[in-house]
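Chains as they are written, first to last, in my numbering: chain A, 4 to 384; chain B, 5 to 320; chain C, 113 to 543; chain D, 3 to 290.
Ideal Cβ positions, reconstructed from N, Cα and C, are used throughout, including at glycine.
Predicted, not measured: the structure shown is a model, and the values here were computed from it.
Written out below as structure tokens is the structure these notes cover.
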């Protein structure tokens with residue numbers, strides 16, 4: 004009795020092992036090297052898991068779309084996008100950066116995604132001369148470090164903050180403004196700039212926490228401050244919930260002005276189209292012109308979801324490298340020179356970098372949420 | 005420090021604090037029940053709660069109420085709520101049972117040290133979270149605005165909305181139901197017996213496995229109802245939404261006296277209030293710090309929580 | 113009733129005896145052989161970054177970097193083991209001490225910190241250890257009178273309080289963090305700095321050396337009045353006190369020592385990162401530290417080190433699934449199954465259901481890799497292997513808890529450890 | 003003040019030093035009270051567990067504390083060893099009031115106890131269990147132990163191990179020294195508890211039903227052990243249900259009922275005391 008059972012389970016196991024061995028073999032091999040210039044890769048450096056994963060996946064998808072479209076045109080010599088998951092935290096950043104440096108097939112990096120991980124990883128990349136184009140790291144300090152490899156296709160917070168202040172002061176003519184930030188580096192920087200610029204018009208301020216869901220105390224604060232406009236420095240999940248709860252609590256008429264971290268469909272998802280209506284966000288990104296018209300549709304088709312924050316910027320960032328590879332720049336050094344002298348219209352803006360690595364086009368646009376859609380409004384500067 | 009603001013808006017802050025606290029309380033029940041019987045912290049309970057929030061959304065979508073649809077008639081709302089509560093409670097309960105089955109029971113069989121249960125629960129929590137992320141994405145998922153908040157009356161200048169009333173009343177109602185279930189019914193007696201003396205209860209013919217499964221189920225059901233209220237109140241959920249609320253609910257359970265059902269309610273409501281008042285005083289950034297400092301201070305003076313451990317089996 | 117208990121105990125003893133044989137075998141080896149093996153193993157550890165052994169090496173991230181992280185986890189697990197494993201105090205906020213250590217080095221050492229003291233690294237480290245120790249004592253003072261589970265939530269809260277204080281304090285750099293954390297001194301033969309941002313190997317060796325020291329110090333403590341007092345407190349606090357153990361003082365010491373080691377590892381982490389911000393210290397990480405301790409075998413320092421290796425290394429290794437990993441998976445599955453069946457025979461008789469269940473589990477485990485590899489096709493971008501590693505890690509936690517609740521190297525240490533010592537002690541006692 | 007290296011203790015309060023094997027000196031003047039209990043009262047909520055109980059324990063005697071279940075015997079132990087601080091009344095040990103001293107301080111003064119339900123440190127070896135007791139008078143703390151620098155650390159370790167081994171030998175379970183306490187046979191666990199208590203170098207040894215659950219042969223050898231302990235100078239307070247055991251071994255007996263002392267005297271007197279007989283009404287001698 005006993006032996007037959009053992010035998011039976013062993014047989015089951017054996018079959019399973021064979022089945023797996025059969026289909027598992029062809030997968031998972033490291034990217035093979037092709038000819039001289041083929042088999043190159045671009046790395047994506049950012050979150051794929053954890054809480055920040057959503058933003059990271061938006062970006063990696065944008066880059067992936069660019070790479071896929073490139074490969075469709077250059078099927079004989081495809082480029083791979085290798086994703087390095089940092090979970091959005093600086094912890095693993097050095098090891099990942101190191102790994103990217105070791106893989107000589109990687110000629111450029113889209114990322115790092117956030118300012119925190121950039122501060123850890125960028126010096127390492129700088130040492131090894133790996134060109135970087137970030138689609139989302141907006142910390143003003145990043146371009147002040149004299150890293151020769153650092154570039155970004157978004158404007159830094161230093162541009163956006165004053166623009167938002169100007170908009171609130173000159174366009175909205177608001178006399179009572181309440182400023183909220185989410186204590187993140189990004190949100191706090193913007194809120195501080197705003198408080199400094201608006202001066203007496205700021206009637207109150209509060210700091211919330213990332214991942215917070217209940218904003219009732221902040222809502223009470225905003226309502227009782229008598230403000231007509233409130234500014235939120237931070238990302239869309241908190242902005243959306245705060246907007247919704249303020250509207251629910253009868254603060255429908257208090258207008259929200261926010262930043263490009265909120266320029267995302269996720270904001271509507273969190274706040275609801277009704278509460279989101281009329282929210283103004285600033286973004287150092289030019290509205291996509293006609294040439295880029297198919298991006299949203301292509302993205303939707305490829306990933307079965309609408310493009311999110313920085314998806315389009317990531318597309319541009321990847322395109323900078325892909326254009327270089329197409330032009331025969333196949334080493335890191337060549338590509339770095341290529342990036343530095345790059346000057347082309349991207350889908351979000353004209354992509355050209357100043358010596359510090361900031362994107363040259365610093366125009367800040369405002370966008371308004373209308374019927375759940377993000378509609379370009381006007382340039383501020 | 006902003007004392008004037010606290011005084012001016014005291015009533016308003018209290019009302020919103022109570023609504024938030026009621027949700028903490030319902031989730032806290034899950035911790036308290038399991039703790040009462042197994043003397044273990046069920047770290048996967050936060051994901052049991054998240055299950056409920058997703059189940060609610062899927063139910064609403066299933067019967068065709070999209071997130072941006074207009075609010076249906078009152079009768080429809082009530083029917084939908086009842087249906088959503090049932091589905092959410094059942095799915096949370098089922099997941100709680102599953103967790104018990106997979107991550108707890110095998111360990112109990114092997115007489116594992118208590119810490120191992122904690123780790124296995126952390127594992128279960130990670131697995132559930134990642135599964136939700138896989139199937140439902142890592143972004144916020146929205147629920148329809150099922151109940152439009154409308155001010156029903158004002159207390160000392162604070163608007164009390166229909167939604168807040170609904171949340172607090174249902175939480176208290178669920179508490180009463182659970183409390184009488186535990187104290188009146190035969191099954192409830194089994195739960196109490198096992199929590200007081202597992203060995204004696206086993207000798208008296210109580211099926212310990214079944215009682216433990218029952219407590220997980222009850223905790224899950226309560227978490228499911230809490231999830232519906234949460235969805236109503238905040239309108240969105242996320243695969244990782246459980247961690248913070250789980251932490252707070254656990255704090256609430258300890259605050260009231262873990263193992264004590266009424267303590268969970270009291271702890272939840274107090275925590276909600278303390279958070280809101282504290283935030284008004286020091287700024288929202290200190291919210292969680294306030295919650296934990298409040299807990300530490302309370303425990304320093306009452307080392308077993310405000311109401312003490314209910315079924316009071318002192319462990320020497 | 114007693115018959116059943118006796119049978120259980122017998123089975124347990126048999127299993128214990130079986131599980132103890134490697135240790136017996138090890139203890140039975142001649143001393144030079146043991147010493148030689150240990151030296152060879154140490155040399156292997158030191159040479160790991162240079163060897164980069166095929167299957168072990170992580171393909172998705174830098175192996176040496178991972179080794180360093182593993183080392184930091186080992187330190188934390190050793191520190192936490194004092195608190196949880198020896199003294200039996202459930203500490204869920206260990207990351208708090210880790211953060212205190214990291215921030216101490218950054219605040220006192222970085223030229224960009226608001227304090228602008230710019231102490232060199234060698235000064236910062238003792239400061240970091242001292243501050244973490246004091247913070248351990250400060251947390252312990254009012255809370256150690258609480259019973260186990262209450263202590264758990266209070267320490268969990270402490271971890272969050274530390275993080276949130278960092279987020280909200282300008283002196284601690286708020287969310288922007290503190291850059292330019294000092295690095296250890298030291299030069300290569302050619303005059304360049306030894307500890308650079310690019311090469312982690314010296315950091316790895318540093319952490320290896322510190323692990324060695326901490327293991328040594330921990331062993332000293334364990335084999336002293338302090339260690340006995342801790343274990344006595346863990347086993348029965350009231351009785352310990354009645355036997356003359358000043359329990360509160362020793363619990364406080366346990367907390368302080370744990371905190372000191374946590375602070376040290378945090379300080380190392382900060383110096384290697386050169387930049388820290390609050391994101392590196394989420395309270396969930398405490399649970400990972402605890403998982404390391406419990407999986408390895410609470411109370412056994414070699415066990416917890418092994419646990420830390422698993423907890424820190426596994427998710428990094430799982431970043432990409434390659435052929436080497438698949439081979440390891442199936443070989444260990446078959447071996448594991450065989451060992452399990454062998455062990456089973458020594459236990460009480462099993463019904464047919466046990467084997468059926470075993471077959472099902474083995475089948476699922478065997479089918480896992482192809483399922484995982486098929487994920488991207490099913491789920492699109494959400495199903496990439498990298499995004500699944502925490503799912504796999506969570507499963508691993510459950511499986512390990514269920515199949516090895518006592519930990520990989522359980523703390524049945526004393527019986528065996530003392531067997532050696534008994535030989536030298538007993539004659540001495542009667543002389 | 004640097005403590006001198008611990009000299010080999012001699013008396014029962016400092017029992018035989020490391021490996022000396024020297025005979026233990028009997029106490030010079032038996033009869034002088036070692037522990038005085040005056041009007042000891044303990045209330046838990048509304049329940050009065052002990053009501054104005056007074057008695058003395060004299061040096062070198064075995065005092066039996068008996069009474070039916072719930073009479074307050076163990077509560078009395080708990081009050082003496084500091085587990086439950088008295089509601090009223092005083093306990094004086096060697097002339098000084100114990101007041102509200104902590105448990106470990108009371109142990110260091112020289113009172114040790116065993117438990118009705120055996121409470122060993124189950125995962126420690128027998129030797130280690132006893133070493134914990136022997137550590138009661140030691141002062142090495144973390145700094146000394148972590149670096150293994152201080153001579154005191156080594157001296158104390160040596161003394162500790164020697165005392166522990168000697169105590170194991172004393173109760174006759176030397177061969178069990180390196181077994182995990184949980185795995186010892188029942189009788190040896192009882193003995194181990196006594197060894198652990200002895201290792202704290204007590205003057206007064208409180209034994210809480212040491213013979214509970216033992217068979218007659220074990221009981222007899224246990225009696226032998228208790229007597230030999232008394233003969234070597236320990237003062238012993240003994241609780242037991244078993245009248246035969248108590249009558250056979252004690253010098254004097256105190257009887258409690260419902261928290262009150264109802265009798266005190268020599269075993270022979272107690273046997274005849276009508277109040278005691280009434281209290282034990284219908285309970286035949288020897289039932290446990």
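Specify the secondary structure class of residue i as computed by DSSP and reduced to three states.
i	result
residue 84 (chain B)	helix
residue 178 (chain A)	coil
residue 225 (chain D)	helix
residue 21 (chain B)	helix
residue 130 (chain D)	helix
residue 341 (chain A)	helix
residue 283 (chain A)	strand
residue 368 (chain A)	strand
residue 234 (chain A)	strand
residue 230 (chain C)	coil
Counting only the same chain and skipping the five closest in sequence on each side, list residues whose C-beta sits under 8 Å from that of residue i.
i	result
residue 353 (chain A)	289, 346, 347, 363, 364
residue 133 (chain B)	51, 54, 243, 244, 246
residue 325 (chain A)	45, 69, 70, 73, 82
residue 233 (chain B)	26, 27, 30, 170, 171, 174, 175
residue 24 (chain A)	Note on residue 24 (chain A): pLDDT 43, under 50, position unreliable in the model; no value is reported.
Please classify residue i as buried or exposed, where buried requires at least 16 neighbouring CB atoms within 10 angstroms.
i	result
residue 376 (chain A)	exposed
residue 283 (chain C)	exposed
residue 61 (chain B)	buried
residue 230 (chain D)	exposed
residue 138 (chain C)	exposed
residue 476 (chain C)	exposed
residue 398 (chain C)	buried
residue 133 (chain C)	exposed
residue 177 (chain D)	exposed
residue 141 (chain C)	exposed
So, at 7 Å on beta carbons, what are the nonlocal neighbours of residue i in its own chain, with the 5 sequence-adjacent residues on each side left out?
i	result
residue 88 (chain A)	50, 51, 52
residue 300 (chain C)	306
Using a Cβ-Cβ cutoff of less than 6 Å, which residues in the same chain neighbour residue i once the five nearest sequence positions on both sides are dropped?
i	result
residue 282 (chain A)	259, 372
residue 228 (chain B)	56, 92, 93, 96
residue 429 (chain C)	170
residue 99 (chain B)	52, 55
residue 161 (chain B)	15
For my contact list, residue i and residue j are in at a C-beta cut-off of 8 Å; report their separation, rounded to the angstrom.
i	j	result
residue 151 (chain B)	residue 240 (chain B)	Not confirmed; about 15 Å, so no contact.
residue 291 (chain C)	residue 222 (chain C)	7 Å
residue 108 (chain D)	residue 84 (chain D)	4 Å
residue 259 (chain D)	residue 73 (chain D)	5 Å
Per DSSP, which one or two residues make a beta bridge with residue i?
i	result
residue 45 (chain D)	D:50
residue 292 (chain B)	Answer is none; residue 292 (chain B) lacks a bridge partner.
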